[in-house]
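*Asks:*
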Amino acid sequence: MRWSESVMCAVGVVMCALIGISHTQCLTENDSLDIPSSKDLSPITDFALELFKDIFPYNSTTSNFFFSPYSIWSALTLAYFGSGGNTQTELEDVLRLEGKVATLKLWRTLEFLYEVRQNNRSDYTFNVANRAYFDQSVTLRPCVSEILTSELRTLDFNNASNAAAEINQFVSNTTKGRIPTLVTPAQVSRATMVLANAAYFKGTWLYQFKKSQTEKGLFYMSVEDYTFVDMMRQKGNFRHGVSEELGCHILELPYTGDAVSMFILLPPFITGEHGFNSMVSRVNGSLIHDAFENMWRTQVEVIFPKFKMEQMLENELIESLSRLGINDLFDQGAANLTTFSDYGDLSVGRSVHKAALEVSEEGTEAAAATALISFRIARPAAPEKFECNHPFLFVIYDNEAKNILFMGAYKNPKA
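The sequence shown runs -24 to -1, 1 to 391 under mature numbering (1 follows the signal peptide of the UniProt record, and there is no 0).
Right, here's the structure in full:
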């Protein structure tokens, strides 16, 4: 049996109700939403990378980091559909949205894209689902309920155990059991709304590593600090590139079907202006897309560590989003989510993002849940090795939609 890669992601954001205000705006001017031809998510990549750059330094100096910016974006976009006023403006600016009609078309386009892919392929699985759970005391606006039929649900949050169980079952089902628990009864007992996003990816490397070739090798956290890890090896014809702007070599490891790939960004093993931290500081959507497009095929020996990592973000996620410019959503006195309901205002009380990743010879298994100066490298004609024996970034990337599904940094095997 071939090993598979599974990537799972769930986003949960717990909301608390406040004083009632009315609002006449609905989600769209009409309910007719044609599927647009474009499914380019490249503008959203900037949000993903800005969030990564903001939140990563506060959670990791020598440790690892992994999360799903797409999962977080999806949960916030669902909140955006219910927003108004300055809350809507802030979400539009930070998430790179172009109005509710265009965003809902994009939302449905992605839903259609992934559903069609799944129905027509057997070599990998990608499921994504979004839900907003409201307390039964909240009366939803009919126009929103009609447009977001599959996304909106009501629960009795006074029965916190049952409410948490239903939310967790939704997440567990979507992630094939990899994330069995996203929220606890205590977290939802005082809530009036919970936003949940769950995503699951499972595939295999297009070119698998042979277990017989895996052997111990050194991984350097720094010049003075290193350890032995299981290093996977294979020689093959891979897409490889050099980004002078980012200051790194890049390798693509495609998954079966070529729709999704892992891109590895490997900087020189040095400190200071040309090392890992410098590469992270330079990353943006435009440079990432240019780098991924300008790669060439070459024979190369790939040496890549087997690794696992887990991540959990709570208050630091809200703090990071606030620094990026989403403030009203988390402010009880300022949040405007009245497009969801005329009953009252809603604000985000807390969030939970969980992530886990495992990379092996046959593929990768990952999960995530939630309730970023030029230097020159001479382009090698035929690099002999792409050896990941020091800190690197990795991106699990939807090649068709140009969408970062998951990303992380591997810096310390001992973490």
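Just so you know, even glycine gets a beta-carbon here, dropped at the ideal spot from N, CA and C.
Can you give me the C-alpha to C-alpha distance between S350 and L52, rounded to a whole angstrom?
*Replies:* Numbered from its first residue, the sequence shown carries residue 350 at position 374. Numbered from its first residue, the sequence shown carries residue 52 at position 76. Note on S350: pLDDT 26, under 50, position unreliable in the model; the coordinate value appears next. Cα-Cα distance, rounded: 34 angstroms.
*Asks:* Going by DSSP, what residues sit across from L101 in a beta bridge?
*Replies:* Translated into the one-based positions of the sequence shown, residue 101 becomes position 125. Checking the sequence shown, residue 101 turns out to be Thr, not Leu. Answer by DSSP bridge pairing, in chain order: K178.
*Asks:* Since A108 sits in a beta bridge, which residues does DSSP pair it with?
*Replies:* Residue numbering aside, residue 108 sits at position 132 when the sequence shown is read from its first letter. In the DSSP output, where bridge partners are listed per residue, A108 has L128, L171.
*Asks:* Over what stretch of residues does the alpha helix (DSSP H) that includes residue 392 continue unbroken?
*Replies:* Lying outside -24 to 391, the shown extent of the chain, residue 392 is not represented and no answer is given.
*Asks:* Below 8 angstroms between beta carbons: does that hold for I48 and L27?
*Replies:* Indexing the sequence shown from 1 puts residue 48 at position 72. Indexing the sequence shown from 1 puts residue 27 at position 51. Yes; because the gap between Cβ atoms is below 8 angstroms, this pair is in contact.
*Asks:* Does F280 come out as helix, strand or coil in the three-state DSSP assignment?
*Replies:* If you number the sequence shown from 1, residue 280 lands on position 304. Strand, per DSSP.
*Asks:* Give me, in chain order, the residues of the same chain whose beta-carbon lies closer than 6 angstroms to that of F110; leave out the 5 immediate sequence neighbours on both sides.
*Replies:* Numbered from 1 along the sequence shown, position 134 holds the residue referred to as residue 110. If we look at F110 and ignore the five residues flanking it on each side, its Cβ neighbours are T130, M169.
*Asks:* Does DSSP put C119 in a helix, a strand or coil?
*Replies:* For the purposes of this step, residue 119 is identified with residue 143 of the sequence shown, where counting begins at 1. It is helical.
*Asks:* Distance cutoff 8 angstroms, beta carbons only. Does N103 sit that close to anything in chain C?
*Replies:* Note that chain C does not occur in the displayed structure, where there is just one protein chain.
*Asks:* Taking 7 angstroms as the cut-off, does the CB of F133 come closer than this to any heavy atom belonging to the ligand GDP?
*Replies:* In terms of ligand content, the structure shown is empty, and the ligand GDP therefore cannot be addressed.
*Asks:* Assign S188 to buried or exposed, taking buried as 16 or more other Cβ atoms, counted over all protein chains shown, within 10 Å of its Cβ.
*Replies:* As a first step, residue 188 is located in the sequence shown; it is residue number 212 there, counting from the start. Exposed is the call here.
*Asks:* Check whether the Cβ atoms of G261 and T85 sit closer than 8 angstroms, and answer yes or no.
*Replies:* On the sequence shown, position 285 is the one that residue 261 refers to. On the sequence shown, position 109 is the one that residue 85 refers to. Contact: no.
*Asks:* In whole angstroms, what separates the C-alpha of E127 from that of V120?
*Replies:* In the sequence shown, counting from the first residue as 1, residue 127 sits at position 151. In the sequence shown, counting from the first residue as 1, residue 120 sits at position 144. Those two C-alpha atoms are separated by around 10 angstroms.
*Asks:* With contact counted as at least three CB pairs below 8 angstroms, one residue from each stretch, are the stretch 135 to 145 and the stretch 200 to 209 in contact?
*Replies:* No, because fewer than three Cβ pairs between the stretch 135 to 145 and the stretch 200 to 209 fall closer than 8 angstroms, the two stretches do not touch.
*Asks:* I'd like the list of long-range same chain contacts for M196, defined as Cβ closer than 8 angstroms, with 5 residues on each side in sequence excluded.
*Replies:* One-based indexing of the sequence shown puts residue 196 at position 220. The sequence given here places Tyr at residue 196; Met does not occur at that position. Y202, F245, N365, H366, listed in sequence order.
*Asks:* Compute the beta-carbon to beta-carbon distance between T315 and G60, rounded to the nearest angstrom, for a pair I have assumed lies under 8 angstroms.
*Replies:* If you number the sequence shown from 1, residue 315 lands on position 339. If you number the sequence shown from 1, residue 60 lands on position 84. Confirmed, about 5 angstroms.
*Asks:* Using the beta-carbon count (16 or more within 10 Å), is K76 buried or exposed?
*Replies:* Stepping through the sequence shown from its first residue, residue 76 is reached at position 100. Buried, since its Cβ has 16 or more Cβ neighbours within 10 Å.
*Asks:* In whole angstroms, what is the alpha-carbon distance linking G239 and Y373?
*Replies:* Indexing the sequence shown from 1 puts residue 239 at position 263. Indexing the sequence shown from 1 puts residue 373 at position 397. For clarity, residue 239 is Phe in the given sequence; the question names Gly instead. Taking the straight line joining both Cα atoms gives about 7 angstroms.
*Asks:* What's the gap between the Cα of N291 and the Cα of V276?
*Replies:* Walking along the sequence shown from the start, residue 291 turns up at place 315. Walking along the sequence shown from the start, residue 276 turns up at place 300. For N291 and V276, the distance between alpha carbons rounds to 43 angstroms.
*Asks:* Per DSSP, which one or two residues make a beta bridge with S188?
*Replies:* Against the sequence shown, residue 188 aligns to sequence position 212. S188 is not bridged to any residue.
*Asks:* For the alpha helix (DSSP H) that D206 lies in, which residues bound it at each end?
*Replies:* Along the sequence shown, one-based indexing puts residue 206 at 230. Here D206 belongs to no alpha helix (DSSP H); instead the beta strand (DSSP E) covers 202 to 219.
*Asks:* May I ask you to report which of helix, strand or coil DSSP gives G261?
*Replies:* Stepping through the sequence shown from its first residue, residue 261 is reached at position 285. If DSSP states are grouped into helix, strand and coil, G261 belongs with the helices.
*Asks:* Could you spell out where the alpha helix (DSSP H) holding F88 opens and where it closes?
*Replies:* The residue labelled residue 88 in the question sits at position 112 within the sequence shown. 76 to 96 is the extent of the alpha helix (DSSP H) around F88.
*Asks:* At the level of alpha carbons, what is the spacing between T232 and N96?
*Replies:* Position 256 of the sequence shown, counted from the start, is the residue given in the question as residue 232. Position 120 of the sequence shown, counted from the start, is the residue given in the question as residue 96. Rounded to the nearest angstrom, the two C-alpha atoms are 14 angstroms apart.
*Asks:* Label S113 either buried or exposed according to how many other C-beta atoms from any shown protein chain fall within 10 Å of its C-beta, with 16 as the threshold for buried.
*Replies:* Within the sequence shown, the letter at position 137 stands for residue 113. Exposed.
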